[in-house]
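**Student:** Take a look at the following structure, please.
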Amino acid sequence: MEHACIADLLDHPRVVETRNHLHHSIPKHDHMLRVARYSYFLAPLVGADRRTATRAAILHDLDSRLGTLATHGAIAARIAADLGEPPAVSEAIVSHMYPLGPRPTTREGWVLAVADKIASLTDLTTFVGGLFTGRSLAVRRHLCASDPFYAARTARRRRRAIISRIWRRTGRTGLSDSV
Ligand SMILES: [Fe+2]
Ligand SMILES: [Fe+2]
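Counting with my numbering, you get residues 60 to 238 for the letters of the sequence shown.
Structure, rendered in structure tokens:
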């Protein structure tokens, strides 16, 4: 199975931490693992290297929030290189957002781009399915609290709300003082 190709990466802290990151309203780890599974099965069908495609898949969205839809592939590709992955892995990752990002130049790149699209659809149907049981929203709430990116955003919003409440209150007091 796909785990044999990526066992070391599944234990890597950069991958493990994605269990607490929000992506498509589900854990990012679930999304990347799904893409890895699809890449593992698709790769031999088009003559792509299975190991390269699967390793690219489990890393392809690392730090995606630091870029845009078009540029975050380049960010994850750099991380893959920093982790010691061969150039073919980064080359596949950089184009996974095609057609929003660059066009794939390798078979593994095409595999990843297609697997990512299919997995994104599956993410969505999984999320919608979980709405009926309440599980999807519970998981989303948990991830919003555990994901540093969203936790910081929530804290900023709370701070702004408190400041505007204080501002309104002192504004009213100021008005009543002047009457
Ligand atoms: Fe992505
Ligand atoms: Fe993705």
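The beta-carbon is built from N, C-alpha and C at its ideal position, and this holds for glycine as well.
Only a predicted model underlies this, so the values are computations on that prediction, with no experimental measurement involved.
1. If you compare alpha carbons, which of A197, H155, D108 and L142 is closest to D120?
2. For R93 and L101, what's the separation of their Cα atoms in angstroms?
3. Taking its Cβ as the centre, do 16 or more other Cβ atoms sit within 10 Å of H80, making it buried, or is it exposed?
4. Give the DSSP-derived three-state secondary structure of P39 in the structure shown.
5. Starting from the Cα of V153, find the closest Cα among L183, V105 and A133 and give me that residue.
6. Which term fits W226, buried or exposed, when burial requires 16 or more other beta carbons within 10 angstroms of its beta carbon?
7. If you drop the 5 nearest sequence neighbours on each side, which residues of the same chain put their C-beta closer than 7 Å to that of Y97?
8. Does the region 177 to 197 come within contact of the region 68 to 80, defined as at least 3 CB pairs closer than 8 Å?
**Tutor:** Let's see:
1. For this step, residue 120 is matched to residue 61 along the sequence shown. For D120, the nearest C-alpha among the options comes from H155.
2. Position 34 of the sequence shown, counting from 1, holds the residue named residue 93. Position 42 of the sequence shown, counting from 1, holds the residue named residue 101. Taking the straight line joining both Cα atoms gives about 12 Å.
3. As a working mapping, residue 80 is identified with position 21 in the sequence shown. Buried.
4. A query on residue 39 cannot be resolved here, the shown segment of the chain reaching from 60 to 238 and no further.
5. Translated into positions along the sequence shown, residue 153 becomes position 94. Nearest option by C-alpha distance: A133.
6. Residue 226 sits at position 167 when you count from the first residue of the sequence shown. Label assigned to W226: exposed.
7. By 1-based counting over the sequence shown, the position of residue 97 is 38. For Y97, where only same-chain residues beyond five positions count, the Cβ hits under 7 Å are A174, I177 and A178.
8. no
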